[in-house]
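Chains as they are written, first to last, in this note's numbering: chain A, 1 to 213; chain B, 1001 to 1213; chain C, 2001 to 2278.
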């Protein structure tokens, strides 16, 4: 078989295979042929193909188990977008924990658990710390010295807030939430939307206050 | 993004993807970038890459759902040796059913049976649906509301076609003219000559083969 | 569209050799249509139905479909049906329908022809149409089978991706979802809550965090440094309230060496630390 054909076969095989191919394996492709190429021919083909990849988006690389075509690292960020999955979602438990840390900071894990009525898993706290949305701001001087959590600059940045004051108060939240009208406290402005300035300047929230010690 | 880089990204993406990629899909790879290439740049990159395949063991082909790198048919015997199993063979019954669905879509199972003169087994329809070569495109408004079948993009992709127009033209019907001389051949057992006055209206049966809807 | 007149040339065509075997021109088709019964199973599988079988019979006699010699075809067809009935009756049913149709055509052809009714259709016409129609799709399906097909004639290229630190997308959170979560958890808490209602300033709690943050870094901070005059009276009050709250919570301690000396704020005396992950 002539060099040109050998090169074309080797190229097509390396490109179509889902695994790296060794020279031995490539030689096997020609096994049943009367006119088999030599090992040197196959090796030369690989070298030539490698050179042809100069400047291209893929390269022919030697790895432990043989040769394979792979995308070059500098174009990989774009190629990876082919498989980009939708980002996963955080659990309800995580969002509740985060919201309690934000609204009730500094707060201990025990206090969060008390409000939520269930224990807070370590993985939730870990995820929030890794995301740098919360941090340990100190320790409460009670037996065990539990960590006190607070929100971070990164948290504000992510949600595009200048400060926590921009968050609505619990009372305002109730107004927003139409699904639980029966829980509304009597509100003289019922039916009206609260003026925007009040949202900004009050920065307060009404809560049951039962969780402090 | 400059042309060289666009071409490298497009090349790597097309080579890494296991499905054909449309220009739209390729454009999406650049979506989050500040400096997105134009559609024309991407199209030019494809054309350039196509030219670069000249004489190689692989080619960049346009099929129904987009562009795909694939091995050239002339190196197939060697490349096929990479895999143990033989490609599946399809029965005549399946291929006839498939071609009726493709050329006569939308078509019901009953209509297929009418042309083929035999019943179509459920397993054939099931195989075609599973392979996603055909799909139910609707129901015929006759008693029983039988399913109407049509072909899919996957069918075109599998058979290396850009569109249905690339399918072989359905053989034309011969003119149904029974005054054909061969009929007059004396047949000792055939007591009488059939009446030969009938001239079929050819327009009714001669079909260009493109019964698309 | 060949509307041919019965010309001598056309007659001649039928006499031309249809094949040349070992140099010998053959004008008579071989009479090898008989298939032994034990081969019938295979034989049946080879045909896609009565139309396919009819086409086969016609081809074997090297005849044009249009020149359908009903009698000969019917006779041969019936022979197969007889064989078939014994082996696979359910399949033979479809073939039997065809046999009945052939017999009907034959009988109509045998009937004397009334001269006046010129419009009557040749009884073979419908069958011929069906045969032609079937043949078109038979041929086309063969052509489709020959189209270059994935995994038989061609294979898709699949380059590996270069190893590259994969950035797993992190969940996005909508502020509204966060607020909803808070609303709900508070509502849930209210079901267990005592009646004591207390107003709290969010900004005070934020300031508490900030003060603790400063103390985390510096450990020992002058009281005054925690106040930012530029924040105005409100800011000063908030900071002061935050400090008082922290003191109440035993989170900080205030230290003053003597009256009127600078006051220092430091984290409360450290006991055993809980890491928060217990």
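Glycine included, every Cβ here is placed at the ideal spot set by N, Cα and C.
No experiment lies behind these values; they were computed from the predicted model shown.
- Runs of the beta strand (DSSP E) lying entirely within the segment 102-173 of chain A, each at least 3 residues long, are 134-139, 147-151 in chain order.
- Take the alpha-carbon of residue 1159 of chain B and the one of residue 1063 of chain B: they are about 9 Å apart.
- Among the residues facing chain B, residue 43 of chain A is not included, as its CB has no counterpart in that chain under 8 Å away.
- For the 8 Å CB-CB criterion, residue 2252 of chain C and residue 2237 of chain C do not form a contact.
- Of all residues in the segment 2219-2253 of chain C, the ones placed with a Cβ closer than 7 Å to any Cβ belonging to chain A are 2249, 2250, 2251, in chain order.
- Under DSSP, residue 2139 of chain C shares a beta bridge with no residue.
- Following the DSSP letters along the chain, one finds residue 90 of chain A in no beta strand (DSSP E), marked with neither H nor E.
- DSSP lists A:60 as the beta-bridge partner residues of residue 69 of chain A.
- In the DSSP assignment, residue 2265 of chain C forms a beta bridge with C:2221, C:2254.
- DSSP places residue 2048 of chain C outside both helix and strand once states are collapsed to three, so it counts as coil.
- Taking 8 Å as the upper bound on Cβ-Cβ separation, chain B lies near residues 2128, 2129, 2130, 2132, 2133, 2134, 2135, 2136, 2137, 2138, 2139, 2140, 2141, 2142, 2143, 2144, 2145, 2147 of the segment 2126-2147 of chain C.
- If you draw a straight line from the Cα of residue 2217 of chain C to the Cα of residue 2210 of chain C, it is about 11 Å long.
- Taking a contact to require three or more Cβ pairs closer than 8 Å, the segment 1100-1118 of chain B and the segment 2060-2072 of chain C do not qualify as touching.
- Going by C-alpha positions, residue 2190 of chain C is about 19 Å away from residue 120 of chain A.
- Chain-order list of chain C residues neighbouring residue 71 of chain A: 2159, 2161, 2162, by C-beta distance under 7 Å.
- One thing to note: residue 1108 of chain B has its Cβ no nearer than 8 Å to the Cβ of residue 1133 of chain B.
- Any Cβ of chain A closer than 8 Å to the Cβ of residue 1027 of chain B would place that residue at the interface, and such an atom is absent.
- Going by beta carbons, residue 1073 of chain B and residue 2148 of chain C fall inside the 8 Å limit.
- By the neighbour-count criterion, in which 16 or more other beta carbons inside 10 Å mark a residue as buried, residue 2138 of chain C falls on the buried side.
- Rounded to whole angstroms, residue 2242 of chain C and residue 2226 of chain C show a C-alpha spacing of 11 Å.
- Interface with chain A (8 Å Cβ-Cβ cutoff): residue 2094 of chain C is excluded.
- The Cβ of residue 1034 of chain B sits no closer than 8 Å to any Cβ of chain C.
- By the C-beta criterion, the segment 1128-1144 of chain B is judged not to be in contact with the segment 2128-2145 of chain C, since fewer than 3 inter-stretch pairs fall below 8 Å.
- For residue 1028 of chain B, DSSP records no beta bridge to any residue.
- Among the residues of chain B, those whose CB is under 9 Å from the CB of residue 2051 of chain C are 1115, 1116, 1117, 1118, following chain order.
- A direct Cα-to-Cα measurement between residue 2244 of chain C and residue 171 of chain A gives close to 26 Å.
- For residue 1103 of chain B, the chain C residues whose Cβ falls inside 9 Å of its Cβ are 2136, 2137, 2140, in order along the chain.
- The alpha-carbon of residue 2055 of chain C is positioned some 20 Å away from that of residue 2145 of chain C.
- Rounded to the nearest angstrom, the gap between the Cα atoms of residue 1131 of chain B and residue 1125 of chain B is 10 Å.
- Put simply, the backbone Cα of residue 2206 of chain C is about 18 Å away from that of residue 2229 of chain C.
- In this structure, residue 1029 of chain B lies away from residue 98 of chain A, with their beta-carbon atoms at least 8 Å apart.
- Chain-order list of chain A residues neighbouring residue 1132 of chain B: empty, with the shortest C-beta distance near 20 Å, by a criterion of under 9 Å.
- A buried status is given to residue 1104 of chain B, since no fewer than 16 other beta-carbon atoms sit within 10 Å of its beta-carbon.
- Residue 1094 of chain B sits in a helix when the DSSP states are folded into three classes.
- Counting along the chain, no alpha helix (DSSP H) covers residue 1083 of chain B, and no H or E run does either.
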